[in-house]
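Going down the list, the sequences are from chains A and B.
In this text, residue positions in the first sequence follow this note's numbering: the first is 15, and each later residue adds one.
In this text, residue positions in the second sequence follow this note's numbering: the first is 15, and each later residue adds one.
A short write-up of the structure that comes next.
2 protein chains.
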Amino acid sequence: MPTLKPRSNLWIECGGQVVLSKWRVRLLEAIQETGSINAAAERVGVSYHRAWEKLDEMEKGLGVQLVERQVGGARGGGTRLTATGREYVARFKRFERGFDDVITGHFEQAFGDR
Amino acid sequence: MPTLKPRSNLWIECGGQVVLSKWRVRLLEAIQETGSINAAAERVGVSYHRAWEKLDEMEKGLGVQLVERQVGGARGGGTRLTATGREYVARFKRFERGFDDVITGHFEQAFGDR
Chain A
15 MPTLKPRSNL
25 WIECGGQVVL
35 SKWRVRLLEA
45 IQETGSINAA
55 AERVGVSYHR
65 AWEKLDEMEK
75 GLGVQLVERQ
85 VGGARGGGTR
95 LTATGREYVA
105 RFKRFERGFD
115 DVITGHFEQA
125 FGDR
Chain B
15 MPTLKPRSNL
25 WIECGGQVVL
35 SKWRVRLLEA
45 IQETGSINAA
55 AERVGVSYHR
65 AWEKLDEMEK
75 GLGVQLVERQ
85 VGGARGGGTR
95 LTATGREYVA
105 RFKRFERGFD
115 DVITGHFEQA
125 FGDR
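Following this line, the structure appears as structure tokens:
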């Protein structure tokens, strides 16, 4: 009997447009951690152009500013999340928390006796 | 504040290959209801070729026969699900049951006070 695995994806739309998803939120987190859209894009495996495009889509869709450029300072500038950006990351992570367990539970119920 | 909507997708993989998903299961149900792969493909909005391709993928991935041709009879033949095919449809529907409520609940918790 082949081994089956449950898979899922979660995202948030606004007016039919994706504004938050697992990978978009990973991109935002990577910006916060690296201080750079370029490094963040590389970490999540997309081009700089695509990362910018998606950030723009998210900001326009949500009607908020998610990232801001920092000029100068000890680290010589860079990009970081705004307070709103950090808030949306936290909200999405709250949204998806515990889902994997729910999915595993449903899967076991439906396919466990196969 | 723009209106956000939670969205999700669920599927089952085997060896990295999708074997069951919402639309694939809708295709199987449509075959059962219409007695025809052609009519079923049209109902779920894919070409006959793609429907066949996906059926083949699912059967190979799961290592079972999901559909069978019926020859003759009052309705002049056609295609229907095997008992195994009906079983997988039922299992997948059990798997996804209640998910929308879970997602709505998580979404309200995470974004409801926005």
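Glycine included, C-beta positions come from ideal geometry on N, C-alpha and C.
The model shown is predicted, which means the values in this text are computed figures rather than measured ones.
Sorting Lys36/A, Ala54/A, Gly77/A by C-alpha distance to the C-alpha of Ala44/A places Ala54/A at the top. With contacts defined by Cβ atoms closer than 8 Å, Glu71/A and Arg21/B do not form a contacting pair.
Val39/B is classed as buried because its beta carbon has at least 16 other beta carbons within 10 Å across all chains shown.
Between Asn23/B and chain A, the shortest Cβ-Cβ separation is below 8 Å. In terms of CA proximity to Glu101/A, Gln46/A leads the group Arg64/A, Trp37/A, Leu18/A, Gln46/A. Secondary structure of Leu95/B (DSSP, three-state): strand. For the segment 45–120 of chain A, the full-length alpha helix (DSSP H) segments reaching 4 residues or more read 51–58, 62–76, 97–110 along the chain. At the C-beta level, Leu24/A and Leu80/A stay beyond 8 Å of one another.
One thing to note: Phe125/B has its Cβ within 8 Å of the Cβ of Arg105/A. The distance from the Cβ of Gln84/B to that of Gly92/B is about 6 Å, consistent with a contact at the 8 Å cut-off. Taking a C-beta cut-off of 7 Å against chain B, none of the residues of the segment 36–69 of chain A qualify. DSSP, read as helix, strand or coil, puts Leu34/A in strand.
Judged by DSSP in its simplified three-state form, Arg128/A adopts coil rather than helix or strand. Contact of Gln79/A with chain B is not assigned, every C-beta pair being separated by 8 Å or more. Taken atom to atom, the span from the alpha-carbon of Arg64/A to that of Ser35/A is near 15 Å.
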